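Protein sequences appear in the order of chains A and B.
Under the numbering used here, residues 19 to 358 are what the first sequence spells out, in order.
Under the numbering used here, residues 19 to 358 are what the second sequence spells out, in order.
C-beta: ideal position from N, C-alpha, C; glycine also.
Owing to the predicted nature of the structure, the values given are computational and were not obtained by experimental measurement.
2 protein chains.
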Amino acid sequence: MVTNPGRRRRATIHDVALEAGVSRGTVSRVVNDEPYVSAEARIAIEAAIEKVGYVPNTAARNLVMQRSQAIGFIVHEPHSLFLEDPNIGEILLGANAALSLADFQMVCLIIDSERDTDRVARYLSGGFVDGVIVVSARKNDPITRIIEKLGLPSAFVGHPPDLRQLPFVGIDNRSSARAITDRLLATGRTRVGMIASALDRDSGADRLAGFTDALGPLFDPALVARVPFYAYADGVKGMRALLAAEPHLDGVFAASDAVAAGALEALREAGRSVPGDVGVVGFDDSAWALRCQPLLSTVHQPAAGLGERAAESVLAQLRGEEPELGGILLTTPIVWRDSA
Amino acid sequence: MVTNPGRRRRATIHDVALEAGVSRGTVSRVVNDEPYVSAEARIAIEAAIEKVGYVPNTAARNLVMQRSQAIGFIVHEPHSLFLEDPNIGEILLGANAALSLADFQMVCLIIDSERDTDRVARYLSGGFVDGVIVVSARKNDPITRIIEKLGLPSAFVGHPPDLRQLPFVGIDNRSSARAITDRLLATGRTRVGMIASALDRDSGADRLAGFTDALGPLFDPALVARVPFYAYADGVKGMRALLAAEPHLDGVFAASDAVAAGALEALREAGRSVPGDVGVVGFDDSAWALRCQPLLSTVHQPAAGLGERAAESVLAQLRGEEPELGGILLTTPIVWRDSA
DNA sequence: CGGTGATCTGTGAACGTACACAGAGTAAGT
DNA sequence: ACTTACTCTGTGTACGTTCACAGATCACCG
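As structure tokens, then:
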């Protein structure tokens, strides 16, 4: 094997000590920002670090510190993942940003099959990560059980899994729905309806509750169309039902952007102009919002923020802090565009 | 600090040796599948491993082996990333799958600013990764230079960066464009145009070249609308221009699915039916394709495959194999749906 | 029967770091 | 002058693994 000039030996703490004329211990103290180092020694060491190009060896540090300096990022079902929920990519990015700021490494763990579940379970038990961020956990998830058993610092993003008391971060669907409905009402609309989706899930039910809150005494149950899913087709159907129930409707809150897109289609079909005749607002600020004609006013899901906060929560637990009970709810800015 | 029962000390190679009544060395040989160990000892050790729940300590192994067992996954510009190019998520997933199969860990490195560039450069020089996969490298990218200087095993996915001779994996835009255009012509269309995007990039220029190839003598420069980006809005504009230039157009090849979606909007606006009056095909097979009405016929980008192959290329280089010159081009199946 | 090779095993280094401890020096209070 | 406290520094050890080396045992052959 020829000596590769580009791959010369990395500088160690020893080289720095030699260069600065001090001992390993003192260098270690400077590197880890500990007290009890003379100003003189400190600057000499910092110069030496710069000169020899010293970067601490993670493996050696992890070995002696008994931790991995890594956080697992667990997601389920890669296939439907980026279609169903384009937010996951942003959650990942947000978490990664917070983690690398704290000098932690993110490790993506994808669960796609039974075999993957076992692999990840072993991985977690093996101490390869100091904590985990879990996205879209299922009910009765074996991974959740393992995390609980190991007492691994963790944060769940999205809907809290099962009933267990584990830290999670999400958004306040109810106040967000209330806020955008308020905003819609402020444009002078008087007959406002809602296309309510997924009422069997927290998110769906809460969005309807927020809508009800905002309307107060004006709330009319006849102006709520109930549809099963957050999808485009549901929006078309819901909007048709709403128009049939109340032809003079002048505002609609759709439970998601996809639903709103469907609603726009139905409105166009019925010859209504948007936002002239009817104001439409959605929820998610997904790619749909920008695809609609006119551009959709909606509630922004702070996906990157969710990842960031989840990471921070795990980091805080690692520092020994108690996780916040009941989870963390993020605020959701309203994005006002052209559809209302 | 109270002793946490869930966090008991991990079993080491020593515990296994004790349990099996042999020495560390022999256990190490079994774990690493090396020869020169008696069948008797092997089964005793395997039983002991199972019993004490031994998992090798990566940090210790990495320390002595002088490598990190990690591969960097470098991407630029997170913001526009998941909007402009939904494939990146799948590339990531594909690479991760191949890497974890080989027991390598993927480390996501996001470059979003000048500061990030420095951080990543330091990270690479620090020996934290044994190789890198780079997505969407820019021209004259400082990261590319550092990778070259360090002689770090690497694979670029997508467009080959600059002129340098570095291993890359991508798709053959030209033949793919040619293939789908051929297919469109085979449906009996006689006046076929193209909305050509991003002609300053290889991908854009190659797709136009492929279109020209397919048309041969039928090619009419007047039937090419040139737009700056691969986006929806560009599709709307391009289609309007095309219709103005040739009202009797009966086929369109859009340079991306987003552009095709925009084109569909403009066609609907002009009262043309799809695929009745005009056949439309796109490129990418992204989420857009399934959102369109009618469902879009398009060229499938094997995104996961790109990530997988890039990972395999890096792994092969780590094994000492020479990287393939000129890069690897993946085949791109055509997905025939309803829009043509 | 001695030599040679193959097979198997145990042991003593490393790898690069953090941490505990000991010790030296200084300053202030008794 | 003697404690006491505080600041600063160097050294030895441990973390869990791999690797090189040295033995041990055995079979085979001249």
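Of the candidates A65/B, G338/B, S221/B, S291/B, the residue whose Cα lies closest to the Cα of D302/B is S221/B. Its Cα nearest to that of H318/B, the residue S274/B stands out among R290/B, S274/B, D130/B, L261/B. Taking 8 Å as the threshold, the shortest C-beta distance from R42/B to chain A does not fall below it.
Under the DSSP assignment, F174/A falls in the beta strand (DSSP E) whose first and last residues are 172–175. Taking a cut-off of 8 Å on C-beta distances, the segment 53–68 of chain B does not touch the segment 53–72 of chain A, as fewer than three cross pairs fall below it. Using a Cβ-Cβ cut-off of 9 Å, R140/B is close to V73 of chain A, given in chain order. Under the three-state reduction of DSSP, V40/A is assigned to coil, being neither helix nor strand.
The Cβ-Cβ distance between V150/B and G107/B does not fall below 8 Å. Counting other Cβ atoms within 10 Å of its Cβ, S131/A stays below 16 and is therefore classed as exposed. Around the beta carbon of E52/B, a 10 Å sphere encloses fewer than 16 other beta carbons of the protein chains shown; the residue is thus reported as exposed. For V254/B, the enclosing alpha helix (DSSP H) begins and ends at 250–263.
Around A38/B, the same chain offers A62, I63, A66 as residues with beta carbons nearer than 6 Å, after the five sequence neighbours per side are excluded.
Comparing alpha-carbon positions, the option among N158/A, R192/A, D148/A lying closest to A173/A turns out to be D148/A.
Runs of the beta strand (DSSP E) lying entirely within the segment 303–351 of chain A and spanning at least 3 residues, in chain order: 346–348.
Beyond the five residues adjoining it in sequence on each side, Q335/A comes within less than 7 Å, by CB distance, of G149, P171, P341 in the same chain, given in chain order. Going by beta carbons, I213/B and A243/B fall inside the 8 Å limit. Between V270/B and S315/B, the gap from beta carbon to beta carbon reaches 8 Å or more. Counting C-beta atoms within 10 angstroms of its own C-beta, E287/A has fewer than 16 neighbours from the protein chains shown and is therefore classed as exposed.
Only those residues of the segment 120–139 of chain B whose C-beta falls short of 7 Å from the nearest C-beta of chain A are listed: Q123, M124, V125, C126, I128. In the structure shown, the three-state DSSP call for R133/B is helix.
Ranking R337/A, E58/A, P312/A by CA distance to the CA of L282/A puts P312/A first. Membership of F91/B in any alpha helix (DSSP H) is not indicated; the residue belongs instead to the beta strand (DSSP E) covering 88–94.
DSSP places V292/B outside both helix and strand once states are collapsed to three, so it counts as coil. DSSP places S221/A outside any beta strand (DSSP E); the residue lies instead in the alpha helix (DSSP H), whose first and last residues are 220–233. In the DSSP assignment, V153/A falls within the beta strand (DSSP E) that extends over 149–153.
In the structure shown, S56/A adopts coil according to DSSP, grouped into three states.
Distances from the alpha-carbon of G300/B to those of G323/B, F229/B, L333/B put F229/B closest.
As far as DSSP is concerned, R192/B takes part in no beta bridge.
The segment 195–209 of chain A makes no contact with the segment 248–263 of chain A, as fewer than three CB pairs between them are under 8 Å. Not flagged as an interface residue toward chain B: G176/A, since no C-beta distance is shorter than 8 Å.
Cβ contact annotation for S86/B (same chain, cutoff 7 Å, sequence separation greater than five): N80, G145, F146, V147, D148, in chain order. For G112/B, the enclosing alpha helix (DSSP H) covers residues 105–119. Below the 8 Å Cβ cutoff, chain B contributes no neighbours of N191/A, its closest Cβ being approximately 23 Å away. In this model, R207/B and P235/B are separated by some 15 Å (Cα to Cα).
Here G344/B is exposed. Its C-beta has fewer than 16 other C-beta atoms within 10 Å. The straight-line gap separating the alpha-carbon atoms of E339/B and F186/B is approximately 15 Å.
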